[in-house]
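**Student:** Take this structure first; my questions come after.
Residue numbers (UniProt numbering), protein chains in the order written: chain A, 1 to 209; chain B, 1 to 209.
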C-alpha cells in the first residue's frame, strides 16, 4: 500500500483570492495535487462543467449525503449547499496522492475536527484596506453588501490561529511558491515518514538486543 | 524589535554526513542561517581556526559555563567537552536571524527540553548498510571501532521520533534542498507569524464589536 497522501486544506477570508491562488497552483507544471471537486445544490452556470467545477446535485441528494456521513464538510450559503464528498477524498489519499481542498473558513474548521493531521493553510490579505479594495473591485455589489462581506472577513481572519500556517497573498506567484514549499516540507514530518524507516528501526532494535 | 529567528537543530547518527550537508548548506548562495560555533576542550588542530571551527577553551572554563547555565547543550566525548554557548544563540535569534546548530543526537534532545519551539531535523541514512559503508569508508578505524559506532548509530536512529522532521541523506544536494524547504515553510507557521497580523486582528476585533 502506498504511503497515504496529505490532505491540504486551503482557506482564508472571502475576497482574499483563494480561488486565484489555487488556480495558479494547479496551472503550474510541478504541482502534484489532486483537486477535490466540491458538490453544490446551486444551479449550474453556462460556463461550468459538472464534475470539474462542481458536482451539481439536488437538495434531496445533498441532505441524504449529510445524514449518511458522506460529506467531509458542508455549508449553506445564500440558500444553497456547498460541500466536500468524503469518498473521493479518502480514495485519493489512499492512492498516496495529496488532496487539495480550497474551502471557506467554516468548512475548514469542520475538516479539522475530522482530519486533525491535515495541513491547514490560511491565506491572508496583506491588510484590511487591501481586502476592502479587492471586495469593492468586483464593482458589481452595493456598499451594504461590501460592508457585510468585510464584517464576515474580519470574523474569519480571527480564526487564523486555528490553522497550521499563514501565507500572505501579497502577490499570487509568491503565495503559490509558499504553499508549495509548505506541502513539500510537510512530507518530511517525522510522524508522516517514520513508517518508511520502520524496517531500519526494527533491525536496529533487534541487533542491539 | 525584529521577529525572533528560528533555532534549527540539525542532527542524526554518527557517520550520516551531518557535517557535509551542513557545509553544503552554508556554501550555497541563498542560505540565511547563522551557524552556531560550538565550544570544545579538545586540542586545536593545525587547520582549525578558533571562533570559526570551534571556540577552544579549557576544561575549567567549560565546567564553569555548565555550572552557571551558559551552555545550551553539551556532551563529553572521548574525554573532551563539546557544547553550544547559549549567549551567542540568544543574541542571534533576538536579531531576527535563524541559528543553525549541527549537533549530536543527545545534545539535540537537551536543546529540545530547553527550546521546544526549535525546528528539529533528523538526517537519516538511506539504510544501515549504507551507513556501515560510510563508517568503514574512512578507512582509518578497526572493525571493533566501526562496530561500536554502528551500535551507537542504531541507538541514535531509534530517537528519530523525537524530532519534527526526518530527511534522508541519499544525495547531499537533495538533502540540502529538503532542509532549506523545511526552514522556509517553518517561517509560515501560524504560531510564529500571527504577531505580524496582530494589528489587523486587533482592528478586526474592535470594528466588529
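Ideal placement from N, C-alpha and C gives every residue a C-beta, glycine not left out.
Small disclaimer: the values here were computed from a predicted structure and weren't measured.
1) Take residue 115/B and list the residues in its own chain whose beta-carbon comes closer than 7 Å to its own, dropping the five residues that flank it on each side.
2) Looking at the secondary structure, which residues open and close the beta strand (DSSP E) in which residue 124/B lies?
3) Look up residue 153/A in the DSSP assignment and say whether it is helix, strand or coil.
4) For residue 118/A and residue 57/A, what's the separation of their Cα atoms in angstroms?
5) Residues of the stretch 58-87 of chain B with a CB closer than 7 Å to any CB of chain A: list them in chain order, please.
6) Helix, strand or coil, according to DSSP, for residue 83/B in the structure here?
7) Name the one or two DSSP bridge partners that residue 172/A has.
8) Could you please give me the residues that DSSP links to residue 14/B through a beta bridge?
9) Mind checking whether the beta-carbon of residue 140/B lies closer than 7 Å to any heavy atom of the ligand ZN?
10) In this structure, does DSSP put residue 3/A in helix, strand or coil?
11) In terms of residue numbering, what span does the alpha helix (DSSP H) encompassing residue 135/A cover?
12) Against residue 164/A, what residues of chain B qualify as contacts under a CB-to-CB distance less than 8 Å, listed in chain order?
13) On a Cα-Cα basis, can you pick out the residue from 77/A, 44/A and 87/A that is closest to residue 103/A?
14) What is the C-beta distance between residue 165/A and residue 121/A, in whole angstroms, given that I count them as a contact (C-beta under 8 Å)?
15) Let me make sure I understand the geometry here. Which of 96/B, 128/B and 187/B has the alpha-carbon closest to that of residue 199/A?
16) So residue 184/A contacts chain B; which residues on that side make the cut at Cβ distance below 7 Å?
17) First and last residue of the beta strand (DSSP E) that includes residue 221/A?
18) Below 8 Å, how does it come out for the stretch 131-142 of chain A and the stretch 141-160 of chain B: are there three or more Cβ pairs, yes or no?
19) Under 8 Å: do the stretch 14-33 of chain A and the stretch 162-181 of chain A share three or more Cβ pairs, one atom per stretch?
20) Give the interface partners of residue 122/B over in chain A, defined as CB-CB distance under 9 Å, in chain order.
21) Run through DSSP, which three-state label would residue 188/B get?
22) State yes or no: is the beta carbon of residue 117/A nearer than 8 Å to at least one beta carbon in chain B?
23) Assuming contact is defined by CB atoms lying nearer than 8 Å, are residue 169/A and residue 21/A in contact in what I supplied?
24) Is residue 74/A helix, strand or coil by DSSP?
25) For the beta strand (DSSP E) containing residue 34/B, list its first residue and its last residue.
26) At the 8 Å Cβ level, is residue 45/B part of the contact set with chain D, yes or no?
27) Look at the alpha carbon of residue 11/A and the alpha carbon of residue 101/A, and state the distance between them as a whole number of angstroms.
28) If we count the other Cβ atoms within 10 Å of its Cβ and call it buried at 16 or more, is residue 143/B buried or exposed?
**Tutor:** For this structure:
1) 7
2) 119-124
3) helix
4) 27 Å
5) none
6) strand
7) None, per the DSSP bridge assignment.
8) Answer by DSSP bridge pairing: none, since residue 14/B is not bridged.
9) Among the components modelled here there is no ligand, and therefore nothing to report on the ligand ZN.
10) coil
11) 128-137
12) 189 and 190
13) 77/A
14) 5 Å
15) 128/B
16) 181
17) This structure cannot settle anything about residue 221/A, because the visible part of chain A is limited to 1 through 209.
18) no
19) yes
20) 190
21) coil
22) no
23) yes
24) strand
25) 33-35
26) Of the protein chains in this structure, namely A and B, none is chain D.
27) 8 Å
28) exposed
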